[in-house]
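Q: Just so we're aligned: 219 in this note's numbering is position 219 of the sequence shown, and the numbers increase by one with no gaps anywhere. The following block contains the structure, expressed as structure tokens.
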Amino acid sequence: MTDKFTLIHAEKATHTVELMTRLLDVSRAGYYAWAKRGDTPGPAATRRAEVTAAVIESHAASNGVNGHRRVLADLTADGVPASAGMVRSIMRQAGIAGIQPRTKKRTTIPADDAEQRPDLVKRDFTSDTAGSKLVGDITYLRTGEGWLYLATVIDLHSRMVVGWAMAEHMRTELISAALRMAHTHGHLAPGAVFHSDRGSQYTSADYAALAGQFGVQLSVGRTGSCHDNAVAESWFSMLKNEMYYRHRFATRAQARLHVMQYIEVFYNRRRRHSTLDYQTPAAVHAAARHHQTAAAA
Numbered sequence: 001m002t003d004k005f006t007l008i009h010a011e012k013a014t015h016t017v018e019l020m021t022r023l024l025d026v027s028r029a030g031y032y033a034w035a036k037r038g039d040t041p042g043p044a045a046t047r048r049a050e051v052t053a054a055v056i057e058s059h060a061a062s063n064g065v066n067g068h069r070r071v072l073a074d075l076t077a078d079g080v081p082a083s084a085g086m087v088r089s090i091m092r093q094a095g096i097a098g099i100q101p102r103t104k105k106r107t108t109i110p111a112d113d114a115e116q117r118p119d120l121v122k123r124d125f126t127s128d129t130a131g132s133k134l135v136g137d138i139t140y141l142r143t144g145e146g147w148l149y150l151a152t153v154i155d156l157h158s159r160m161v162v163g164w165a166m167a168e169h170m171r172t173e174l175i176s177a178a179l180r181m182a183h184t185h186g187h188l189a190p191g192a193v194f195h196s197d198r199g200s201q202y203t204s205a206d207y208a209a210l211a212g213q214f215g216v217q218l219s220v221g222r223t224g225s226c227h228d229n230a231v232a233e234s235w236f237s238m239l240k241n242e243m244y245y246r247h248r249f250a251t252r253a254q255a256r257l258h259v260m261q262y263i264e265v266f267y268n269r270r271r272r273h274s275t276l277d278y279q280t281p282a283a284v285h286a287a288a289r290h291h292q293t294a295a296a297a
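Following this line, the structure appears as structure tokens:
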């Protein structure tokens, strides 16, 4: 109880006592009685209360997704000094935590000639430049109206989702729309490599023709091996853990809206990525594009 009163005391210049006592489930009378007794906190307790407020704000802004590492990255970016241990302790005390991943089933259906396609990535999911090496996959989301299928194109330099598409089917048109989006927005460098699994959509003649039109080299992993397309599969696990499993969608339109918001509002622009030194994909992508433009000038 004292910790909650300390937090209210530290934040009362920013938020009303009425609001904070309601959010923290304590009585206003109890807070004022505590303050009247002169039990106001010292500098260390006040600082912890200020950090606690920042931790709770970061966690809430991520819709409950952020664990202690991303919360700490937010605090560091905002100039709030704190250690990893302190953030972990505060989150544990506040009863909040990040989202933990679940396992994923394999659903790849290989085409007859899939074995003829090369693997140009060979599990090297790094890239020094934006737009030169990308990965993608298809997943499915259940709604009250039936399945909604999502295809993605992810840049391996910035881990930004640069192309995506949704449909009621998983035909080649779905993945073509995602690749076309990446091309339309200028996210495919000349000679770019696009890596996927050996599903029949990705090994189809129509998709190969579209990739050739955009100057993209197609690469495929081994059938049934999640490690050969680990980044694309990991991204879907993240989407489902951080957003999809937390909702029930009555319609495909509802699911579409939430997926779009997750990609464009949260993941690309707000979610700090561990492989990017806890920067956001959009920030890394913008810096890379700026560097490439300056180098070409």
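Ideal placement from N, C-alpha and C gives every residue a C-beta, glycine not left out. Given the structure is predicted, the values throughout are model-derived calculations rather than measurements.
(1) Below 8 Å, can you find three or more Cβ-Cβ pairs linking the segment 240 to 249 to the segment 212 to 221?
(2) Does the pairing of the segment 66 to 78 with the segment 245 to 255 give three or more beta-carbon distances under 8 Å?
(3) What does a CB cutoff of less than 7 Å around Ala282 pick up in its chain, not counting 5 residues either side in sequence?
(4) What does the Cβ neighbour count give for Thr107, buried or exposed, with the cut at 16 atoms within 10 Å?
(5) Can you tell me which of Leu156, Arg256, Tyr262 puts its alpha carbon nearest to the alpha carbon of Gly144?
(6) By DSSP, does Tyr202 sit in helix, in strand, or in coil?
(7) Do Ile99 and Gly64 come within 8 Å of each other at the CB atom, strictly closer than that value?
(8) Going by DSSP in three states, Ser58 sits in which element: helix, strand or coil?
(9) Just how far apart, CA to CA, sit Val284 and Ser158?
(10) Would you tell me roughly how many angstroms separate the C-alpha atoms of Tyr312 and Thr139, rounded to the nearest one?
(11) Going by Cα to Cα distance, which pick from Phe125, Ala177, Val265 is closest to Asp155?
(12) Bridge partners of Met166, per DSSP?
(13) What three-state label does DSSP hand Arg171 in the structure shown?
(14) From Arg37 to Leu7, what does the alpha carbon distance come to, in whole angstroms?
(15) Skipping 5 residues on each side, what residues in its chain have a beta carbon closer than 7 Å to that of His15?
(16) How would you call Thr76, buried or exposed, if buried means at least 16 neighbouring beta carbons within 10 angstroms?
(17) How would you label Tyr207, buried or exposed, when you count the other beta carbons within 10 angstroms and need 16 or more for buried?
(18) Report the residue from His59, Val231, Ala288, Arg289 whose alpha carbon sits nearest the alpha carbon of Thr275.
(19) Mind checking who Lys133 pairs with in its DSSP beta bridge?
(20) How is Leu188 classed by DSSP in three states: helix, strand or coil?
A: So, from the data block:
(1) Here the segment 240 to 249 makes no contact with the segment 212 to 221; the two share fewer than three CB pairs at distances below 8 Å.
(2) The segment 66 to 78 is not in contact with the segment 245 to 255.
(3) Met160, Asn268, Arg269.
(4) With a pLDDT of 48 at Thr107, under the threshold of 50, the predicted position of this residue should be treated as unreliable, though the coordinate-derived value follows. Exposed: under 16 other Cβ atoms inside 10 Å.
(5) The residue from Leu156, Arg256, Tyr262 with its alpha-carbon nearest to that of Gly144 is Arg256.
(6) Coil.
(7) Yes, these two residues count as a Cβ contact at 8 Å.
(8) DSSP places Ser58 in helix when its eight states are reduced to three.
(9) Rounded to whole angstroms, the separation of the alpha carbons of Ser158 and Val284 is 5 Å.
(10) Absent from the model: residue 312. The displayed extent of the chain is 1 to 297, so no value can be given.
(11) Measuring from the Cα of Asp155, the nearest candidate turns out to be Phe125.
(12) Bridge partners of Met166: Leu150.
(13) Three-state DSSP puts Arg171 in coil, outside helix and strand.
(14) Their Cα atoms are separated by approximately 16 Å.
(15) Here the set comprises nothing.
(16) Around the Cβ of Thr76, a 10 Å sphere holds fewer than 16 other Cβ atoms; the residue is exposed.
(17) Buried.
(18) Cα-wise, what sits closest to Thr275 is Val231.
(19) Beta-bridge pairing links Lys133 to Val193.
(20) Under the three-state reduction of DSSP, Leu188 is assigned to coil, being neither helix nor strand.
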